[in-house]
Each structure stands twice: as structure tokens, then as C-alpha cells.
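Step one of this worksheet: look at the structure below.
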Amino acid sequence: MRSRAAASILTGAGFQEVHSMGGGMRAWKGLVAEGIPEAGMAYFTPATRPEEMVALAWLLEDGMRKFYESLAQIMQDQEAKGTFENLKRSEENHKTTLWKLFEEISGRTPTHEFPNKVIPAEPRGDVMEGGMLVSEALEWSRGKALKDILELCISLETNSYDLYLKMEQKVETNKAKQVFKTLSEEEKNHLDRLTSMFGKNI
Amino acid sequence: MSILDYFKPVSTWSAEKIRDFLNQKNSGEYNLVDVRQPEEYEQGHLPGARLIPVGELPNRLAELDRNKPTIVY
């Protein structure tokens, strides 16, 4: 699963030919690979207009927030529950930040037009990084070990981190650059926390 | 146009296909990257694989030749 996030980052960075190994090391050793959510990680086509980028980021943050909120509810492990609640609040803050940024960039107050007039939501449900549906990811998470769930979260956060690094380069104003820089730093921080918890659960 | 139009799927190869590919090529002809954590890498990895944990990848792209076929696991 992490390899698909990696492949997505490399393809997005202009690597000519990239393949991820289905099933990872387990498949290599001949062990049965666990099912991975079908949508998997996907290569992100950068949005071109700043307003589009902000709307896309907002929608993805909203998806991540809902995913973390549901995970916090189903978690038995207290440390994991606390972490997911924390991450949920952080993504909520990111939404507010992006909302304000849209106002600055467009010179308009975000009303009902944002974000769905800029980028229509997916009719089948909320979407997260990599184009994965929140509902699919939650269904997959049920009954999975914490380690496997953390691996999915690490993949998602890596893609978010990468997305904000790209957006920072693409936008032109210093203010917008600063916003994306801050967001990427915070996603990196999420990533470090998740990775540390993952390390304890290997 | 929906949010999903911003995503395109990445290529996935089976372990067998990757085994064949690695057997047919010289090690200088491709990038082979292990994106797991160091602890997992130490427990076993593919011969010649370079360790770059996925979270570090966006900052370490310069270590890889983007013109060579790249396999990640």
C-alpha cells in the first residue's frame, strides 16, 4: 500500500516508468497478499488554477477528517484513539485555513459555490488522497490490525505532504506559498507521528 | 468533471513479473526502492534495494535517476 503512494509520488514527479509491487514483501515471499482497497493510491494530476488547487485540497482534507473521525470512534487502543482525534482536529483546522485562502485568492467570500462549484464532489461519496473513497477505506479497516490501518494512514499522509509541496511551488503569491508551506509542514508532522506509532506496532 | 478526475491509477506489477524483470536486467538499469521503515528493511529486503521510507521520498527524489524504470515496494 505504501508502495502505491510512492509510485504515485514518483510518477507525479516526472519519473518515466514506475511500477509498484502488488502485495509487497508478503507476495515476494510467496505469502498470501492481503486485499488492498481497489482505488488504491493514484497518481495526482495537478490542478492548474490556484482556486482549483485550494478547492481540491479542501475536499481532500474534508475526506481525511471524516476518515479520522470514524477511526477514532472504532479504535479500542487508547493511544490510537487519541491520535486519530488529534489528527481529525488538525484536518478541521486545515479546512478553515484553505477556506480563508480561497477568499484571499479569489477576492470572493466562499459561499455555497466553494468548493463544489469549483470542483464537483464525487457523487459516490467523500474522497481522500489517492482518490480513495472514505467509505471503502473504512470498510477495509474493519477488523484490520492497527499496524495495517496505520500503514494506510501513512500512505495517505505522504500523498498529502507531497501534494502541498507541489502546490507551494505552483502558486505565485508569497501568502499562498506560505500557507501551503505551513500545511506541508503539518502533514509531515502527522506523518512522523503515525510512523512512530507504526514502528511500535511492527 | 469530478474530484476523481484529478487522479490517475499507478501501475502495479506482480511479484513474479518483478522477479523476471530483475533477472533480465543489470542492476544499473533500474531503480529498486524499498519504501518501508528501516526496521522492516533490516528484517529482509530484495537484493540491491535502496531504502527510502515513503515519508522521506518527496524530499529524496534527487537520489534516483528518473529516466530509469523504477520499481517500488
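Chains as they are written, first to last, in my numbering: chain A, -1 to 200; chain B, 245 to 317.
The beta-carbon is built from N, C-alpha and C at its ideal position, and this holds for glycine as well.
Scanning its chain for C-beta atoms nearer than 7 Å, with the 5 sequence neighbours on each side dropped, one finds around phenylalanine 112 of chain A the residues Ala53 and Phe100, in chain order.
In this model, proline 108 of chain A and leucine 8 of chain A are separated by some 34 Å (Cα to Cα).
When Cβ-Cβ separations below 7 Å define contact, methionine 19 of chain A makes contact with chain B. Within the region 57 to 104 of chain A, the alpha helix (DSSP H) runs of at least 4 residues that lie entirely inside it are, in chain order, 76 to 104.
Restricted to the region 112 to 170 of chain A, the alpha helix (DSSP H) segments that are unbroken, complete and at least 4 residues in length are 132 to 139 and 144 to 168, listed in chain order. For threonine 193 of chain A, the enclosing alpha helix (DSSP H) stretches over residues 172 to 199. When the beta-carbon positions are compared, alanine 5 of chain A and valine 316 of chain B come within less than 7 Å of each other. Assigned with DSSP and collapsed to three states, lysine 252 of chain B falls in strand.
Glutamine 281 of chain B has a beta carbon lying within less than 7 Å of a beta carbon in chain A.
In this structure, the alpha-carbon of glycine 299 of chain B lies about 16 Å from that of lysine 145 of chain A.
In the three-state reduction of the DSSP assignment, methionine 23 of chain A falls in the helix class.
Taking C-alpha positions only, arginine 63 of chain A is separated from glycine 272 of chain B by approximately 43 Å. Of the residues A:Lys86, A:Leu189 and A:Ile72, the one whose Cα lies closest to the Cα of tryptophan 138 of chain A is A:Ile72.
According to the DSSP assignment, aspartate 278 of chain B belongs to no alpha helix (DSSP H) but to the beta strand (DSSP E) extending over 275 to 278. Rounded to whole angstroms, glycine 123 of chain A and asparagine 114 of chain A show a C-alpha spacing of 13 Å. In the assembly as shown, glycine 105 of chain A is an exposed residue. Its beta-carbon has fewer than 16 other beta-carbons within 10 Å. Here isoleucine 315 of chain B is bridged, per DSSP, to A:His17 and B:Leu276. Between the alpha carbons of serine 1 of chain A and methionine 19 of chain A lies a gap of roughly 7 Å. When DSSP states are grouped into helix, strand and coil, arginine 294 of chain B belongs to the strand group.
Annotation: tyrosine 159 of chain A to asparagine 187 of chain A spans about 9 Å, alpha carbon to alpha carbon. Under the criterion of beta carbons closer than 8 Å, alanine 40 of chain A and proline 313 of chain B do not qualify as touching, at roughly 20 Å. Where alanine 5 of chain A is concerned, the enclosing alpha helix (DSSP H) starts and stops at 0 to 10. Inclusion of valine 169 of chain A and proline 48 of chain A in the CB contact set at 7 Å is warranted, their separation being smaller than that value. Legend: CB atoms of the region 114 to 126 of chain A lying less than 8 Å from CB atoms of chain B belong to residues Ile117, Pro118, Ala119, Glu120, Pro121 and Val125. By DSSP's assignment, phenylalanine 42 of chain A forms a beta bridge with B:Phe251.
For arginine 280 of chain B, there are no CB contacts under 6 Å within the same chain when 5 residues up- and downstream are skipped. Alanine 293 of chain B is positioned such that its CB atom lies no closer than 7 Å to that of aspartate 309 of chain B.
Here the alpha carbons of asparagine 172 of chain A and methionine 130 of chain A stand approximately 31 Å from one another. The Cβ neighbour count for proline 302 of chain B, taken over all protein chains shown within 10 Å, is at least 16; the residue is labelled buried.
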